[in-house]
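Have a look at the structure below, then the notes.
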Amino acid sequence: MAGIKLNTLRKIYAGNVEAVKGISIDIQDGEFIVLVGPSGCGKSTLLRMVAGLETITDGELFIGDRLVNNVEPADRDIAMVFQNYALYPHMSVYNNLAYGLKNRNIPKDEIEKRVRKAAEILEIGDFLDRKPRQLSGGQRQRVAMGRAIVREPAAFLFDEPLSNLDAKLRVQMRMEIKKLQKELGTTSLYVTHDQLEAMTLADRLVVLSGGEVEQIGSPIDVYEKPASTFVATFIGSPAMNLLPLTKQGSDWKLDNGATVDVKLNTDLSDLILGVRPEDLVIEELSEKFDTGLHTALTVNVVEPVGAESYVHGTIGEGSVDVVVRAPGKLHFEPGQILKVTAKPEKLHTFDTKTGKRIEVQGALEAA
Amino acid sequence: MSIYKHGLQLTPGGHFTDTYKQVLTEAGGFTKSVTGLTMLWNSLILGLGFAIGKIVISMLAAYAIVYFRFPLGTFFFWIIFSTLLLPLEVRILPSYEIVQGLGMANTYTGLIVPLIASATGTFYFRQFFKSVPDELVEAARIDGAGPLKFFIDILVPLSKTMIAAIFIIMFVFGWNQYLWPTLITTDESLFTLVRGMKQILQVWIGAQIPDTNQAMALAVLAMLPPVLIVVIFQSWFVKGLVESEK
Numbered sequence: 001m002a003g004i005k006l007n008t009l010r011k012i013y014a015g016n017v018e019a020v021k022g023i024s025i026d027i028q029d030g031e032f033i034v035l036v037g038p039s040g041c042g043k044s045t046l047l048r049m050v051a052g053l054e055t056i057t058d059g060e061l062f063i064g065d066r067l068v069n070n071v072e073p074a075d076r077d078i079a080m081v082f083q084n085y086a087l088y089p090h091m092s093v094y095n096n097l098a099y100g101l102k103n104r105n106i107p108k109d110e111i112e113k114r115v116r117k118a119a120e121i122l123e124i125g126d127f128l129d130r131k132p133r134q135l136s137g138g139q140r141q142r143v144a145m146g147r148a149i150v151r152e153p154a155a156f157l158f159d160e161p162l163s164n165l166d167a168k169l170r171v172q173m174r175m176e177i178k179k180l181q182k183e184l185g186t187t188s189l190y191v192t193h194d195q196l197e198a199m200t201l202a203d204r205l206v207v208l209s210g211g212e213v214e215q216i217g218s219p220i221d222v223y224e225k226p227a228s229t230f231v232a233t234f235i236g237s238p239a240m241n242l243l244p245l246t247k248q249g250s251d252w253k254l255d256n257g258a259t260v261d262v263k264l265n266t267d268l269s270d271l272i273l274g275v276r277p278e279d280l281v282i283e284e285l286s287e288k289f290d291t292g293l294h295t296a297l298t299v300n301v302v303e304p305v306g307a308e309s310y311v312h313g314t315i316g317e318g319s320v321d322v323v324v325r326a327p328g329k330l331h332f333e334p335g336q337i338l339k340v341t342a343k344p345e346k347l348h349t350f351d352t353k354t355g356k357r358i359e360v361q362g363a364l365e366a367a
Numbered sequence: 368m369s370i371y372k373h374g375l376q377l378t379p380g381g382h383f384t385d386t387y388k389q390v391l392t393e394a395g396g397f398t399k400s401v402t403g404l405t406m407l408w409n410s411l412i413l414g415l416g417f418a419i420g421k422i423v424i425s426m427l428a429a430y431a432i433v434y435f436r437f438p439l440g441t442f443f444f445w446i447i448f449s450t451l452l453l454p455l456e457v458r459i460l461p462s463y464e465i466v467q468g469l470g471m472a473n474t475y476t477g478l479i480v481p482l483i484a485s486a487t488g489t490f491y492f493r494q495f496f497k498s499v500p501d502e503l504v505e506a507a508r509i510d511g512a513g514p515l516k517f518f519i520d521i522l523v524p525l526s527k528t529m530i531a532a533i534f535i536i537m538f539v540f541g542w543n544q545y546l547w548p549t550l551i552t553t554d555e556s557l558f559t560l561v562r563g564m565k566q567i568l569q570v571w572i573g574a575q576i577p578d579t580n581q582a583m584a585l586a587v588l589a590m591l592p593p594v595l596i597v598v599i600f601q602s603w604f605v606k607g608l609v610e611s612e613k
C-alpha cells in the first residue's frame with residue numbers, strides 16, 4: 001500500500017489538444033479520492049495516466065516513493081476496474097481472477113488461496129466455474145472488483161464502475177465499494193460524473209473542469225464552501241440558485257430591487273449571489289430575521305418528490321429559474337406568490353468575471 | 368458402357384463396390400503409380416495445408432495491422448489487400464516462374480505456400496479484432512500480459528468461431544484447387560483427386576473408351592469431404608460469421 005503523488009501532470013494529445021493542464025494532487029495512503037466533473041473534463045484521462053494506459057506528456061507521477069512515469073501498467077502495482085467490466089469472456093470467473101496472478105508467476109496454491117478469499121469477500125464463491133456471460137450485471141461488477149482485489153495492489157483505480165448498472169443496484173454497489181475500501185484500507189482513485197456518487201464515496205473530492213482542478217476538499221467542505229460557480233452548480237441536486245447581485249449606493253440589490261443585507265469585503269460592484277434550494281425558506285415557516293435575503297417568488301412549476309417538493313419560480317422580470325426546496329406536504333399553485341428568505345450565513349457570493357468565491361463575512365462563525 | 372446407351376442414371380449400377388474398390392486401390396495414370404487413395408491423401412494435405420496455413424498467416428497479419436502502430440501501416444495493408452484481390456489466374460505466370468526457380472515444383476510446399484496469403488482471411492480477422500473492446504486489451508496489459516500472451520491467451524480463444532468459419536471456406540477452396548496443381552505437379556504421385564478425374568476422362572484415343580464409371584466414382588469421392596465438413600461444422604460456421612462472442 002502506498003500514497004500516490006501527482007505533480008503538475010499534463011497531457012497534450014496530437015493536434016495540441018491539452019486534456020489535462022498541470023494537475024497536482026497528493027493522495028494519502030488509504031485515502032478514497034473521487035475525481036468528479038462533466039464529460040470531457042479530463043478525469044478519465046488523468047486516471048488512465050495514473051494507470052499507465054496513457055503516456056504522461058509532462059509532470060511527475062509517484063506511486064509510493066517510486067517515480068512511475070515510464071513504468072508499464074503491469075509493473076505499477078495498481079489494479080483497475082473498468083466501466084464495462086472488461087472480463088475475459090472465454091474464461092471462467094476463477095480464471096478471470098487468477099489470470100493476472102498467473103502472469104506474475106505466483107505459485108498455484110497462493111493463487112487458489114487469494115481467489116477463494118476474494119470470492120468470499122465479494123460473495124461470488126458460487127459462480128467461480130461460470131463464464132461472465134452467465135452472470136448478471138451486478139455479479140460481473142463483483143468479479144471485476146475481485147480481479148482487482150486478488151492482486152493486492154498499492155492502489156485501486158475505478159473508471160466509472162457503476163455506470164452500467166441500474167439505479168437500485170448502483171446505490172447498493174456504491175455502499176459495498178465504500179465498505180470494502182474501508183476494510184481493505186487500499187488507496188483508491190475513483191472517477192465518476194455522478195455528483196451523488198462522488199459525495200457519498202469520497203474522503204476527498206477533486207472537482208475537475210476543462211482539464212483543471214476547480215476544488216479539492218472533503219465532500220461537506222466542497223458542498224458548503226464551493227470555490228467557484230462551477231463547483232456550486234455541479235455539486236448538489238437540484239443545483240444552487242445563482243442570481244446577479246449589484247451594488248447600489250451602499251446596498252447590495254437583486255435585479256428585482258430586493259435588498260440583500262450581507263457584509264462583503266470587496267471592491268467589485270457586480271457579483272453573483274448563490275443560495276442552495278434548501279437554504280431558501282418560505283417566510284411563514286421560518287423564524288423572523290431581518291438580515292440576509294428576503295424576496296417574493298412567483299411559482300411556475302412544482303415537482304413533488306414525496307418528502308419534499310421542488311418549487312420552481314421566478315423573482316421579477318427576466319429572472320432565471322429559482323428553485324426552493326419545500327416540505328412535501330405543502331400545496332402550491334402555479335402563479336402563486338411566495339415570500340422566501342435566506343439567512344446571511346447561507347449565502348454564497350462569487351466574482352462575476354472569474355466565477356471565484358468571495359467569502360461572506362461572518363458566515364462560518366454565525367453558522 | 369451403359370452411360371453411352373441410356374445417359375446418366377440416378378441409381379447405382381451393378382458394379383458399385385467393384386468400381387470404388389478399383390478406383391481407390393488400383394494404380395492408374397500413365398505411370399500406373401497413383402491410386403485413388405493417394406490422390407485422396409494429396410487432396411487432404413492440400414485442403415488442410417491451405418486452411419491451417421491461411422488461418423495462421425492471416426491471423427498474424429491482422430494482429431499486426433490492428434494492434435501495432437508502424438509507419439504507413441494502413442497504406443501497406445491496402446496495398447497488400449488490393450494485390451491479393453487479383454485472382455490467381457492473373458498472376459499465375461510470375462507465380463509459376465518463382466516457384467519453378469526455387470525448385471519447388473512437384474512438392475507439397477510448392478503446392479501450398481505460394482497461395483497461402485489470404486486477403487479474405489486477413490480482412491475477416493482484422494474486422495473481428497477491431498470489434499474486440501479496447502478495455503479488454505487494457506485489462507490484459509494491467510494483468511501483465513505481453514503482446515504474445517495477449518494473442519495466445521485472449522485473442523485466439525475469442526476467435527474460435529471465426530477460425531472455424533475461415534477453416535471451412537479455405538478447406539473447400541484448397542480441396543477444389545485445379546489450375547495451380549495442374550501447373551505445378553507433373554509427378555503423378557502428387558496428383559489430387561480433382562486432377563486425377565480429368566486424367567481418366569482424357570484418354571479418348573482411337574477405340575479406347577474412358578472409364579466413365581471410375582471418373583464418376585472419383586467425383587463422388589471428391590465431393591464427399593467438403594460436404595461432410597460443411598455439414599459437421601455448419602453451426603460453428605454460421606456462428607462465426609454472424610455473431611461475435613462478447
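Residue numbers (the numbering used here), protein chains in the order written: chain L, 1 to 367; chain V, 368 to 613.
Note that the Cβ used here is the ideal one computed from N, Cα and C, for glycine as well.
What does residue i pair with, by DSSP beta-bridge criteria?
i	result
L:Y13	L:V17
L:M80	L:L157
L:G274	L:L242, L:H348
V:N580	In DSSP, V:N580 forms no bridge with anything.
L:N7	L:E60
V:T392	For V:T392, which the question treats as bridged, DSSP gives no partner whatsoever.
L:I25	L:L6
Of all the options the options, which has the alpha carbon lying nearest to the alpha carbon of residue i?
i	options	result
V:T487	V:R458, V:T402, V:A506, V:A418	V:A418
V:S498	V:D578, V:T402, V:V433	V:V433
L:V372	L:D65, L:V262, L:R10	No information on residue 372 of chain L is available, as it lies outside the stretch 1 to 367 that chain L covers here.
L:T298	L:G292, L:H312, L:K288	L:H312
L:L283	L:G292, L:E317, L:L338, L:N69	Looking at the sequence shown, residue 283 of chain L is not Leu but Glu. That would be L:L338, whose Cα lies nearest to the Cα of L:E283.
L:I111	L:I124, L:E359, L:N95, L:G37	L:N95
L:F156	L:K131, L:A144, L:T187, L:I56	L:T187
L:Q212	L:V231, L:V301, L:I4	Sequence check: residue 212 of chain L is Glu here, not Gln. It is L:V231.
L:T314	L:V323, L:E308, L:A307	L:V323
L:K21	L:L268, L:D77, L:H90, L:M49	L:M49
L:L208	L:F32, L:I220, L:I235, L:E120	L:I235
L:I25	L:E183, L:L6, L:L196	L:L6
L:R10	L:A148, L:Y310, L:E54	L:E54
V:A512	L:V143, L:Y99, L:H331, L:M240	L:Y99
L:I272	L:L201, L:T291, L:E359	L:E359
L:F158	L:P244, L:A326, L:I177	L:I177
V:R458	V:L439, V:L546, V:T441, V:V423	V:L546
L:I33	L:L242, L:R151, L:Q181	L:Q181
L:L277	L:N241, L:K288, L:S250, L:G292	Reading off the sequence shown, one finds Pro at residue 277 of chain L, where the question assumed Leu. Among L:N241, L:K288, L:S250, L:G292, the Cα nearest to that of L:P277 belongs to L:N241.
Using 8 Å as the limit for Cβ to Cβ distance, is residue i near chain V?
i	result
L:K73	According to the sequence shown, residue 73 of chain L is Pro rather than Lys. At least one chain V Cβ lies under 8 Å of L:P73.
L:N164	no
L:N103	yes
Give a yes or no on whether the minimum CB-CB distance between residue i and chain L is below 8 Å.
i	result
V:P461	no
V:P548	no
V:P500	yes
V:E612	Per-residue confidence for V:E612 stands at a pLDDT of 47, beneath the threshold of 50, marking its modelled position as unreliable; the derived number appears in the next sentence. It does; some Cβ of chain L falls within 8 Å.
Nearer than 7 Å: is that true of the beta carbon of residue i relative to any heavy atom of the ligand NAP?
i	result
L:L242	Ligands displayed in this structure: none; no statement on the ligand NAP is therefore possible.
Determine which residues of the stretch 502-530 of chain V have a Cβ less than 7 Å from any Cβ of chain L, and write them out in chain order.
Here the close residues are E502, L503, E505, A506, R508, I509, D510, G511, A512, K516, I521, P524, L525.
Scan the stretch 426-447 of chain V for residues whose Cβ lies nearer than 9 Å to a Cβ of chain L and list them as they occur along the chain.
Residues of the stretch 426-447 of chain V with a C-beta less than 9 Å from any C-beta of chain L: none at all.
Go through the stretch 422-455 of chain V residue by residue and report every complete run of the beta strand (DSSP E) that reaches 3 residues or more, in order.
Entirely contained in the stretch 422-455 of chain V, not one beta strand (DSSP E) run reaches 3 residues.
Residues of the stretch 72-99 of chain L whose Cβ lies closer than 9 Å to any Cβ of chain V, in chain order
So the list reads E72, P73, A74, D75, R76, I78, A79, M80, F82, Q83, N84, Y85, A86, L87, Y88, P89, H90, M91, Y99, given in the order they occur along the chain.
Proximal residues, the stretch 28-56 of chain L versus chain V, C-beta separation under 9 Å
For the stretch 28-56 of chain L, the set of positions with a beta-carbon nearer than 9 Å to some beta-carbon of chain V reads R48, A51, G52, L53 in chain order.
Those runs of the alpha helix (DSSP H) which lie wholly inside the stretch 112-189 of chain L and span at least 4 residues
The qualifying runs are 137-150, 167-184.
Considering only residues of the stretch 32-72 of chain L, which uninterrupted beta strand (DSSP E) runs meet the minimum length of 3 residues and lie entirely inside it, listed in chain order?
Segments of the beta strand (DSSP E) lying fully in the stretch 32-72 of chain L: 32-36, 58-63.
If you scan the stretch 283-353 of chain L from start to end, which runs of the beta strand (DSSP E) of 3 or more residues do you find wholly inside it?
Entirely contained in the stretch 283-353 of chain L, the beta strand (DSSP E) runs reaching 3 residues are, in chain order, 292-304, 308-314, 322-327, 337-342, 348-351.
Every unbroken beta strand (DSSP E) inside the stretch 202-228 of chain L [3 residues or more]:
Counting only runs of 3 or more, we get 204-209, 212-217.
Length at least 4, wholly inside the stretch 466-493 of chain V: the alpha helix (DSSP H) runs in chain order
When DSSP assignments are scanned along the stretch 466-493 of chain V, the uninterrupted stretches of alpha helix (DSSP H) that are 4 or more residues long and fall wholly within it turn out to be 475-479.
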